[in-house]
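First up is the structure itself, then whatever we jot down about it.
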Amino acid sequence: MTIFINGESRELKDVSTLAALLDALDLPKQRVAIELNKQVIRKPDWETTEVSNNDKIEVVHFVGGG
Amino acid sequence: MSDKFTLAGKEFTSRLIIGTGKYRSLDEMKAAHTVSGAEMVTVAVNRVPLDRKTESFLDHLNPSMQILPNTAGCYDADHAVRTARLAREALDTEWIKLEVIGDPVTLLPDNEKTLEAAKVLVAEGFIVLPYFTDDLIMAKKLLDAGCPAVMPLAAPIGSGMGVQNPSNLRIMREQLPDATIIVDAGVGVPSDAAIAMELGADAILMNTAIAEAGNAAHMATAMKLAVQAGRLGYLSGRMPKRLYASASSPIAGAIR
Numbered sequence: 005m006t007i008f009i010n011g012e013s014r015e016l017k018d019v020s021t022l023a024a025l026l027d028a029l030d031l032p033k034q035r036v037a038i039e040l041n042k043q044v045i046r047k048p049d050w051e052t053t054e055v056s057n058n059d060k061i062e063v064v065h066f067v068g069g070g
Numbered sequence: 296m297s298d299k300f301t302l303a304g305k306e307f308t309s310r311l312i313i314g315t316g317k318y319r320s321l322d323e324m325k326a327a328h329t330v331s332g333a334e335m336v337t338v339a340v341n342r343v344p345l346d347r348k349t350e351s352f353l354d355h356l357n358p359s360m361q362i363l364p365n366t367a368g369c370y371d372a373d374h375a376v377r378t379a380r381l382a383r384e385a386l387d388t389e390w391i392k393l394e395v396i397g398d399p400v401t402l403l404p405d406n407e408k409t410l411e412a413a414k415v416l417v418a419e420g421f422i423v424l425p426y427f428t429d430d431l432i433m434a435k436k437l438l439d440a441g442c443p444a445v446m447p448l449a450a451p452i453g454s455g456m457g458v459q460n461p462s463n464l465r466i467m468r469e470q471l472p473d474a475t476i477i478v479d480a481g482v483g484v485p486s487d488a489a490i491a492m493e494l495g496a497d498a499i500l501m502n503t504a505i506a507e508a509g510n511a512a513h514m515a516t517a518m519k520l521a522v523q524a525g526r527l528g529y530l531s532g533r534m535p536k537r538l539y540a541s542a543s544s545p546i547a548g549a550i551r
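Chains A and B, in that order, are what the protein sequence lines are. Read left to right, the first sequence gives residues 5 to 70 (this note's numbering). Read left to right, the second sequence gives residues 296 to 551 (this note's numbering).
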């Protein structure tokens with residue numbers, strides 16, 4: 005399955021949910037937010053939200069800015 | 296003298312709001328934040344890097360400070376709205392500094408798109424603090440849209456040029472006496488901050504002036520004092536400007 009995450013394409017196997025995706029890519033889970041195909045997915049739903057081929061996902065955190 | 300700054304129902308002692316970008320080091324940022332006395336800091340929303348481990352930037356902020364996420368880098372209303380929604384989800388805060396930029400060279404705001412995004416976000420329950428060009432009519436529209444404050448620029452972001460159009464700020468203050476006006480962007484030195492406050496701004500948001508100073512902590516202290524001085528000067532009521540002199544010492548009784 006190909007997904008597009010933060011503007012990059014990734015080939016993933018055995019990843020069915022957003023939570024599993026974060027684990028597979030070793031991404032942080034605290035104080036981050038996820039958008040799946042332009043819809044924010046609330047944290048309690050990460051375990052049950054399925055990812056599909058060609059999904060566009062954004063995972064964001066906070067950085068310094070003005 | 297008690298002179299609290301209330302914004303969207305929250306009370307602040309400090310009228311200085313600061314950024315978190317461009318510091319040479321996190322230690323320097325933390326030192327500047329501490330001495331600034333600021334109670335609110337703004338942070339940017341950004342993609343998590345996929346190829347390396349990152350620590351949470353938020354761990355470097357004083358937990359007592361109100362975090363104000365911003366939509367920096369957004370060039371249309373839809374992007375700004377999406378960014379605000381992500382920030383709310385990640386931080387569990389309704390507060391958002393709304394920036395919709397119109398052009399990458401000047402980073403001047405696109406007022407039309409800012410208003411469009413503000414309407415959507417207010418309807419979704421956000422506390423929207425919009426950055427916009429220092430224009431009275433746009434200020435009115437943003438306030439009518441439900442923004443609890445407006446944030447006119449003094450000069451382009453990161454320019455350090457100071458208040459380029461003091462008349463606009465003065466007119467905005469006089470015509471919108473009850474509005475909360477926060478000058479956002481363009482301050483370079485403490486006197487710029489003092490001038491903005493003397494013109495009646497309720498608070499100032501700045502980043503680069505402190506972060507790029509030779510000594511960020513000293514500049515943060517200077518900015519804190521300048522904001523306080525300008526505020527007190529505004530509240531005190533300035534003397535009228537006169538074209539000609541007005542003697543300070545009595546003329547009568549001077550020896551001849």
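Each residue gets a CB set at the ideal place from its N, CA and C atoms; glycine is no exception.
Contact check, residue i vs residue j, beta carbons under 7 angstroms
| i | j | result |
| --- | --- | --- |
| V64(A) | A37(A) | yes |
| V522(B) | I499(B) | yes |
| Q470(B) | L431(B) | yes |
| A379(B) | T388(B) | no |
| F8(A) | K42(A) | no |
| T337(B) | G304(B) | no |
| L393(B) | A413(B) | yes |
| D429(B) | L448(B) | yes |
| T53(A) | T21(A) | yes |
| G495(B) | R537(B) | no |
| L345(B) | N10(A) | yes |
| E384(B) | V44(A) | yes |
| V400(B) | T409(B) | no |
Beta-bridge partners of residue i, as assigned by DSSP
| i | result |
| --- | --- |
| N365(B) | A339(B), K392(B) |
| M501(B) | I313(B) |
| Q43(A) | L40(A) |
| M446(B) | Y426(B) |
| S13(A) | F8(A) |
| T301(B) | E306(B) |
| T21(A) | E54(A) |
| P404(B) | I396(B) |
DSSP three-state assignment for residue i, whether helix, strand or coil
| i | result |
| --- | --- |
| G68(A) | strand |
| I452(B) | coil |
| V63(A) | strand |
| V482(B) | coil |
| I466(B) | helix |
| I477(B) | strand |
| T409(B) | helix |
| P399(B) | coil |
| P48(A) | helix |
| S331(B) | helix |
| K536(B) | coil |
Inter-residue CB distance, residue i and residue j (contact presumed, cutoff 8 angstroms)
| i | j | result |
| --- | --- | --- |
| L302(B) | G332(B) | 16 angstroms between Cβ atoms; not a contact. |
| H355(B) | L386(B) | About 15 angstroms separates the two Cβ atoms, so there is no contact after all. |
| I505(B) | M492(B) | Wrong, their Cβ atoms sit about 16 angstroms apart, outside the cutoff. |
| G525(B) | I476(B) | The Cβ separation is near 13 angstroms, so there is no contact. |
| N502(B) | K317(B) | 7 angstroms |
| E39(A) | R347(B) | With a Cβ gap of about 21 angstroms, E39(A) and R347(B) do not count as contacting. |
**Q.** Stretch-stretch touch, CB-based, cutoff 8 angstroms, three pairs: the region 451–463 of chain B with the region 416–425 of chain B
**A.** no
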